[in-house]
DNA sequence: CAAATTGTTCATTTTTTCTTGAACAAATCC
DNA sequence: GGATTTGTTCAAGAAAAAATGAACAATTTG
């Protein structure tokens with residue numbers, strides 16, 4: 001029995017079938033997805049990630065990968081990669097569905113958890129690598145000042161200190177954001 | 001007198017001239033620029049913007065456009081566009097230099113101002129357009145529920161309310177960030 | 001006022017990022 | 001165990017974003 005149309009209960013109110021197979025997205029779904037595609041792009045993620053999260057967000061039931069592929073008309077590869085990213089952020093979780101071998105995915109909707117995931121996976125690492133770079137800068141400056149004493153090292157030092165203060169502020173800000181979004 | 005080499009006082013400690021004209025970036029400058037290129041990409045801006053801001057940040061003197069072009073080896077177009085963006089964020093300001101017709105640019109280094117610019121130009125607009133979209137969603141839902149009463153409108157409504165709460169939280173968060181970074 | 005300087009704009013090219021889909025691995029089924 | 005289903009990976013193609021540079025406008029200068 002190949003080509004099983006979505007096993008899920010059909011979404012009620014979907015527009016009647018047009019040319020290609022799988023049931024069309026209804027207007028509301030389209031607009032919600034569009035909204036998430038936008039939001040997600042702002043955060044620096046690809047469109048497909050917004051599509052996946054958006055559809056899961058506006059779906060009452062958990063959806064398996066092939067339903068996402070079907071309904072969003074994206075490739076299996078995109079769906080798989082998008083889901084991996086979303087899971088790494090804890091923005092989707094997979095749930096067990098009795099009698100179905102496939103993973104089923106649900107959107108996490110606690111803003112705090114979403115923010116925490118984003119902070120952990122996307123922001124923290126930048127702050128940390130920033131701190132490393134700044135440390136390296138300080139070394140370079142010291143070496144340079146030794147080799148070429150004439151340099152404006154006072155100015156450079158001040159600027160690098162500035163960077164360090166920014167980095168510290170940034171690091172302290174993140175947990176406050178997480179807390180605020182609770 | 002075409003092809004005037006940079007009029008600015010030569011950066012001390014720059015490595016001795018190699019093939020092409022304009023004075024090379026020194027190691028410290030390169031690393032600072034690299035750091036900003038990275039930071040700026042995280043925020044969703046192009047590399048050239050990071051290069052420009054980075055060089056201005058680590059330069060004691062204000063620099064005119066053609067010095068940026070020369071030293072960073074970017075096109076005049078990129079420099080012009082990058083500067084426009086940076087000015088719109090109040091991340092650089094131009095200052096008057098006596099006896100020089102050209103605009104000279106300096107990096108703004110107050111974190112609060114930088115953050116405020118970013119929030120105003122990049123985040124606020126998304127929050128606002130998000131609010132519009134959500135309003136439109138509500139309308140659609142109402143219309144849909146009327147046309148096709150069967151729909152899961154209770155679920156949809158809950159999800160849209162969720163979006164609205166997120167939007168509100170986001171809007172309230174922004175000023176707190178600005179305040180914290182003061 | 002003509003020539004030169006400074007900066008902007010935007011169509012084209014280049015670079016980067018995202019998506020695709022076929023090959024593969026792993027798990028489950030009969 | 002062989003066949004099927006499910007999901008991942010990754011090289012290649014497609015799409016999106018950024019950079020280029022030549023044409024142009026606006027100043028300024030002599």
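Protein chains in written order, with the numbering used here: chain Y, 1 to 182; chain V, 1 to 182.
Beta carbons: idealized from backbone N, C-alpha and C, even for Gly.
Just so we're clear, the structure is a prediction, and the values are computed from it rather than from any experiment.
Quick one: complete alpha helix (DSSP H) runs, 4+ long, within the segment 68-148 of chain Y? 76-88, 111-118, 124-147
Please state the DSSP three-state secondary structure of residue 46/Y. Taking the first chain and counting its residues from 1, the one referred to as residue 46/Y is at position 46. If DSSP states are grouped into helix, strand and coil, residue 46/Y belongs with coil.
Can the beta-carbon of residue 94/V be found less than 8 Å from the beta-carbon of residue 74/V? Position 94 of the second chain, counted from the start, is the residue given in the question as residue 94/V. Position 74 of the second chain, counted from the start, is the residue given in the question as residue 74/V. Against a cut-off of 8 Å, the Cβ pair of residue 74/V and residue 94/V comes out as no contact.
Relative to the C-alpha of residue 36/V, which residue among 56/V, 138/V, 24/V is closest? The sequence position of residue 36/V within the second chain is 36, counting from 1. The option with the nearest alpha carbon to residue 36/V is 56/V.
By the criterion of Cβ-Cβ separation under 8 Å, what are the contact partners of residue 39/Y in chain V? By 1-based counting over the first chain, the position of residue 39/Y is 39. Under the 8 Å cutoff, chain V gives 126, 130.
Within its chain, find whatever has a CB closer than 7 Å to the CB of residue 167/V; leave out the 5 residues flanking it on each side and keep chain order. Taking the second chain and counting its residues from 1, the one referred to as residue 167/V is at position 167. Cβ neighbours of residue 167/V beyond the five flanking positions: 127, 130, 131, 134.
Chain-ordered residues of the segment 164-182 of chain V with a beta carbon less than 9 Å from chain Y: 165, 166, 169, 170, 172, 173, 176, 177, 180, 181
So that I know if they touch, is there some Cβ in chain V lying closer than 8 Å to that of residue 9/Y? By one-based count along the first chain, residue 9/Y stands at place 9. For residue 9/Y, the predicted structure reports a pLDDT of 32, less than 50, and the residue's modelled location is therefore unreliable. The matter cannot be settled from this model.
Looking at C-beta atoms only, is the number of pairs between the segment 71-86 of chain Y and the segment 141-153 of chain Y that lie closer than 8 Å three or more? no
Start-to-end residues for the alpha helix (DSSP H) that takes in residue 161/V: Start at 1 with the first residue of the second chain, and residue 161/V comes out as number 161. Start and end: 153-180.
Taking only beta-carbon positions, decide if residue 93/V is within less than 8 Å of chain Y. Looking up residue 93/V in the second chain gives position 93. Cβ-Cβ to chain Y under 8 Å: no for residue 93/V.
Mapping the DSSP letters down to three states, classify residue 63/Y as helix, strand or coil. Residue 63/Y sits at position 63 when you count from the first residue of the first chain. Residue 63/Y: strand per DSSP, three-state reduction.
Which residues in chain V have a C-beta closer than 8 Å to the C-beta of residue 99/Y? List them in chain order. In the first chain, the residue the question calls residue 99/Y occupies position 99. Here the premise fails: no neighbours, minimum Cβ distance about 23 Å.
Helix, strand or coil: which one does DSSP assign to residue 58/Y? Translated into the one-based positions of the first chain, residue 58/Y becomes position 58. Correct three-state label for residue 58/Y: coil.
Can you tell which of 61/V, 138/V, 111/V has the C-alpha that lies nearest to the C-alpha of residue 31/Y? Residue mapping note: residue 31/Y aligns to position 31 of the first chain, counting from 1. It is 138/V whose Cα lies nearest to the Cα of residue 31/Y.
Could you check if residue 159/Y is buried or exposed, using at least 16 other CB atoms within 10 Å of its CB as the buried criterion? For this step, residue 159/Y is matched to residue 159 along the first chain. With 16 or more Cβ atoms within 10 Å of its Cβ, residue 159/Y is classed as buried.
Roughly how far, in whole angstroms, is the beta-carbon of residue 180/Y from the beta-carbon of residue 111/V, given that I think they are within contact range, below 8 Å? Translated into the one-based positions of the first chain, residue 180/Y becomes position 180. Translated into the one-based positions of the second chain, residue 111/V becomes position 111. Residue 180/Y to residue 111/V, Cβ: 19 Å. No contact.
Coil, strand or helix - residue 23/V by DSSP: Along the second chain, one-based indexing puts residue 23/V at 23. Coil.
Please check if any C-beta of chain Y sits within less than 8 Å of the C-beta of residue 32/V. Position 32 of the second chain, counting from 1, holds the residue named residue 32/V. True, the Cβ-Cβ gap to chain Y drops below 8 Å.
Whose C-alpha, out of 99/Y, 142/Y, 91/Y, is nearest the C-alpha of residue 120/Y? The residue you call residue 120/Y lines up with position 120 of the first chain. The residue with the shortest Cα to Cα distance from residue 120/Y is 91/Y.
State yes or no: is the beta carbon of residue 86/V nearer than 8 Å to at least one beta carbon in chain Y? In the second chain, the residue the question calls residue 86/V occupies position 86. Cβ-Cβ to chain Y under 8 Å: no for residue 86/V.
Contact check, residue 50/V vs residue 60/V under 8 Å by CB: the rounded distance? Residue 50/V sits at position 50 when you count from the first residue of the second chain. Residue 60/V sits at position 60 when you count from the first residue of the second chain. No, residue 50/V and residue 60/V are not in contact; Cβ-Cβ is about 20 Å, not under 8 Å.
I want to see whether chain Y comes within less than 8 Å of residue 24/V, judged by CB atoms only; does it? Counting from one through the second chain, the residue named residue 24/V turns up at place 24. It does not; no Cβ of chain Y falls within 8 Å.
Closer than 8 Å at the beta carbon, the chain V residues around residue 28/Y: Within the first chain, residue 28/Y is the residue found at index 28, counting from 1. Going along chain V in sequence order, the residues near residue 28/Y (Cβ under 8 Å) are 137, 140, 141, 144, 156.
For chain V, check one thing: does any of its Cβ atoms lie closer than 8 Å to the Cβ of residue 55/Y? If you number the first chain from 1, residue 55/Y lands on position 55. For residue 55/Y, the answer is no, since every Cβ of chain V falls outside 8 Å of its Cβ.
Please classify residue 153/Y as buried or exposed, where buried requires at least 16 neighbouring CB atoms within 10 angstroms. As a first step, residue 153/Y is located in the first chain; it is residue number 153 there, counting from the start. It is buried - the Cβ of residue 153/Y has at least 16 other Cβ atoms within 10 Å.
Against chain Y, does residue 35/V count as a neighbour if the rule is that its beta carbon must be under 8 Å from one of theirs? Indexing the second chain from 1 puts residue 35/V at position 35. At least one chain Y Cβ lies under 8 Å of residue 35/V.
Which residues in the same chain have their Cβ closer than 7 Å to the Cβ of residue 46/V, if we skip the five residues on either side of it in sequence? Start at 1 with the first residue of the second chain, and residue 46/V comes out as number 46. Taken in chain order, the list of residues that qualify is empty.
If the cut is a Cβ gap below 8 Å, which residues of chain V does residue 50/Y touch? On the first chain, residue 50/Y is found 50 positions in, with the first residue counted as 1. Here the premise fails: no neighbours, minimum Cβ distance about 13 Å.
To the nearest angstrom, how far is it from the Cα of residue 107/Y to the Cα of residue 118/Y? Counted from its first residue, the first chain places residue 107/Y at position 107. Counted from its first residue, the first chain places residue 118/Y at position 118. Cα to Cα, residue 107/Y sits roughly 14 Å from residue 118/Y.
Member of 97/Y, 53/Y, 124/Y whose CA lies at the smallest distance from the CA of residue 33/Y: Position 33 of the first chain, counted from the start, is the residue given in the question as residue 33/Y. Ranking 97/Y, 53/Y, 124/Y by Cα distance to residue 33/Y puts 53/Y first.
Compare the C-alpha of residue 113/V against each of 177/V, 143/V, 69/V, 155/V and name the closest. Locating residue 113/V in the second chain gives position 113, where the first residue counts as 1. Nearest C-alpha to residue 113/V: 177/V.
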